[in-house]
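Numbering (my numbering), first residue to last: 2 to 225.
Here's the structure we're looking at; comments come further down.
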Ligand code: FPP
């Protein structure tokens, strides 16, 4: 059985769910947050050490301001409400991406990272204003600036995922089969699961089914 350390998720389908069931894209994001909480709990139960959630991409800035503001408010409220509980559960929060948000959200994210830095049960990587291409370009720039050799080890050290093992599983919900500029380097050997359900409709049962399937996959990493 394959060991499972790291699950990465593209939580797609909030907007469509919201329009279909609540006549509002933002309501879909709100409902999507409930799925986030379910998946965090289940990850702990399943002894997963790293959970990376694609919450806002560098391309998501192209969305209407109203939706962007709603998403950030949702995250702000989530952190304000849940940080103590997250900390008590020995969960670490880390942000992947550059924190270019409101003063309040930047503060909350920095605060959450610092407060939980020593926690070790589960590390949640929040990919926020994250884009894999710019992450790679910045890593190469740093390597060039420091005049060090270009090799896999040095590149990985300069990615925002430094010290985080590559994802074993990538899940994308929402019936779309693309990577959307997410962890392009890190996903090189991950097992990819495309899920038809929209993120707010994704359940713990669906998650467990994927975990079980993953555990029985023959992972060759190029060998036979
Ligand atoms: C993609 O669905 C989802 C997002 C861009 C935001 C994800 C945010 C959440 C699940 C809530 C907040 C998260 C955290 C971690 C606190 P979409 O809007 O692109 O859906 P669509 O494809 O149906 O339009």
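Cβ atoms here follow ideal geometry from the backbone N, Cα and C, with glycine treated the same way.
> If you draw a straight line from the alpha carbon of residue 172 to that of residue 73, how long is it in whole angstroms?
Replying inline: Put simply, the backbone Cα of residue 172 is about 23 Å away from that of residue 73.
> Just to confirm, are residue 208 and residue 40 a CB contact at a threshold of 8 Å?
Replying inline: Yes, they are a contact pair.
>> Am I right that residue 93 and residue 120 are in contact with their C-beta atoms under 8 Å? What's the rounded C-beta distance?
In response: In this structure residue 93 touches residue 120 by the C-beta definition: roughly 4 Å separates them, less than 8 Å.
>> What would DSSP say about residue 193, mapped onto helix, strand or coil?
In response: For residue 193, the three-state secondary structure derived from DSSP is strand.
> How big is the Cα-Cα spacing for residue 76 and residue 221?
Replying inline: Separation of residue 76 and residue 221 (C-alpha to C-alpha, rounded to the nearest whole angstrom) is 38 Å.
> Could you check where the alpha helix (DSSP H) with residue 138 kicks off and where it finishes?
Replying inline: 133 to 146 is the span of the alpha helix (DSSP H), which, as asked, contains residue 138.
>> Classify residue 204: buried if its beta carbon has 16 or more other beta carbons within 10 angstroms, exposed otherwise.
In response: When all chains shown are included, residue 204 counts as exposed.
>> Please classify residue 44 as buried or exposed, where buried requires at least 16 neighbouring CB atoms within 10 angstroms.
In response: Per the 10 Å Cβ criterion, buried.
> Can you tell me the Cα-Cα spacing of residue 67 and residue 224, whole angstroms?
Replying inline: The straight-line gap from Cα to Cα measures roughly 49 Å.
> For the candidate residues 187, 211, 186, whose alpha-carbon lies nearest to that of residue 197?
Replying inline: Ranking 187, 211, 186 by Cα distance to residue 197 puts 211 first.
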